[in-house]
Amino acid sequence: MHLSIIGGLFASLYLFLSPPSVADAPVWKISNGSDYFYIGGTIHVLSDDDYPLPSAFSEAYSLTDILILEADLAHVQSPAFQQQLLQQMSYPPGQSLIEFLEPTTLDALSAYCESRHIPLQSLTQFKPGMLTVMMTMTELQRLGLAGTGVDQYFYSRATNDAKTIRYLESAEQQLALLADMGKGVENELIKYTLRDISGIDGVMTDLKNAWRIGDLSELTKLGISPMLELDETIYRQLAVERNDAWMSKLVQLFDNQDKELVLVGALHLAGDDSLLQLLGDQGYQLEQMP
């Protein structure tokens, strides 16, 4: 399982100034005078039917020397990291998620587990962030929607092309984020997730349709607004704090001889706290690609 799924978990991908035309794509050229880099909003899991990707992705890839992703996808697949993941995502002996759930939420989770033939105890040993990812991925896999995402596609392509790949954060940072996600709002997060996954097929269809044409305002409504209603702390952890940390790395992409393509979960390109908003506020020019 890729930890980078957390970037797309709440289904968010997006713009900050005005609604884009239907010809636009979720890729932007960020310029500082004659210097520039590209940034694209991704969905971390797709189906075979979602390919080929919008052509702006491949165009930007072909024009750049360096690919920059959220985290190292190969590292998160290593046995050592998977073991670390299980250790940090699990409650210590004698504790489980059950003690944080209201009876109605526990009943709903039990019914879900029974419908999917999953032992309840095998899930409640995990912290809420991990359980949210597991349930979401279970439903996406069941629907055939958990195939190669944009990040993995270009990671494989860059590896084959021997293109330089860099990262905005470490897999360990993502792990710590996921381990802490939902702490203090365990019941609300699981209740929200159970409600969300019941209609995930339609939601994903709407999200991907909006993503392909670069309709970020619609994707903000579908993804960011529900997250803010759930818990502002989770939104700040997943988006705001990471965007602020990444900005220092993005502005360093100017004033060099290289051209870069940055790929982030499209949540990070939406709303008042987005990377696009932060870049625009600092005076950089933003051009959405067709």
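So the sequence shown is residues -23 to -1, 1 to 267, counted in mature numbering (1 follows the signal peptide of the UniProt record, and there is no 0).
The beta-carbon is built from N, C-alpha and C at its ideal position, and this holds for glycine as well.
Where residue i falls: helix, strand or coil (DSSP)
{"i": "A231", "result": "The question names Ala, but residue 231 in the sequence shown is Phe. Coil, per DSSP."}
{"i": "A51", "result": "helix"}
{"i": "I45", "result": "strand"}
{"i": "Q254", "result": "helix"}
{"i": "S32", "result": "helix"}
{"i": "S99", "result": "helix"}
{"i": "Q118", "result": "helix"}
{"i": "G248", "result": "coil"}
{"i": "P70", "result": "coil"}
{"i": "L40", "result": "coil"}
{"i": "Q259", "result": "coil"}
Paired residues, beta bridge with residue i - DSSP
{"i": "G18", "result": "V241"}
{"i": "G124", "result": "L23"}
{"i": "D12", "result": "N9"}
First and last residue of the uninterrupted beta strand (DSSP E) at residue i
{"i": "T141", "result": "T141 to Y144"}
{"i": "K6", "result": "V4 to N9"}
{"i": "L152", "result": "From DSSP, L152 is part of no beta strand (DSSP E) but of the alpha helix (DSSP H) over A148 to D157."}
Contacting residues, own chain, Cβ-Cβ under 7 Å from residue i (five flanking each side not counted)
{"i": "A123", "result": "V22, M114 and L117"}
{"i": "N164", "result": "F77, L78, E79 and T82"}
{"i": "G121", "result": "S24"}
{"i": "H52", "result": "F58 and A148"}
{"i": "S(-3)", "result": "Note that S(-3) scores 35 on pLDDT, short of 50, meaning its location in the model is unreliable; the coordinates nonetheless yield the value given after this. Counting only Cβ-Cβ distances below 7 Å, and skipping sequence neighbours, we find nothing."}
Cβ shell of residue i (< 6 Å), same chain only, five flanking positions each side left out
{"i": "Y212", "result": "M204 and L205"}
{"i": "E264", "result": "K6"}
{"i": "A187", "result": "E195 and L196"}
{"i": "E237", "result": "F14, T41, I43, I45 and L230"}
{"i": "G248", "result": "T197 and I201"}
Distance cut-off 7 Å: residue i Cβ against heavy atoms of the ligand MN
{"i": "A216", "result": "Absent from the structure shown: the ligand MN. Ligands present: none."}
Range covered by the alpha helix (DSSP H) that runs through residue i
{"i": "L263", "result": "First-last for L263: Q262 to Q265, but that is the beta strand (DSSP E), not the alpha helix (DSSP H)."}
{"i": "T197", "result": "From DSSP, T197 is part of no alpha helix (DSSP H); its letter is neither H nor E."}
{"i": "A85", "result": "P80 to S92"}
{"i": "D173", "result": "E163 to I174"}
{"i": "Q61", "result": "P56 to M66"}
{"i": "R213", "result": "Neither: R213 is in no alpha helix (DSSP H) and is coded neither H nor E."}
{"i": "I177", "result": "I177 to R189"}
Close Cβ partners of residue i (< 8 Å) along its chain, the five nearest in sequence each way excluded
{"i": "L255", "result": "N220, D221 and M224"}
Next on the checklist: Taking 8 Å as the cut-off, does the stretch 235 to 251 touch the stretch 9 to 22 (at least 3 CB pairs, one atom from each stretch)?
Outcome noted: yes
Checklist entry - Would you call the stretch 197 to 214 and the stretch 166 to 179 touching, i.e. three or more CB-CB distances under 8 Å? => result yes
Checklist entry - Does the pairing of the stretch 140 to 148 with the stretch 90 to 98 give three or more beta-carbon distances under 8 Å? => result no
Checklist entry - Three or more C-beta pairs closer than 8 Å, one from the stretch 148 to 158 and one from the stretch 46 to 58: is that the case here? => result yes
Checklist entry - Should the stretch 63 to 72 be called in touch with the stretch 29 to 38, which here means at least 3 C-beta pairs below 8 Å? => result no
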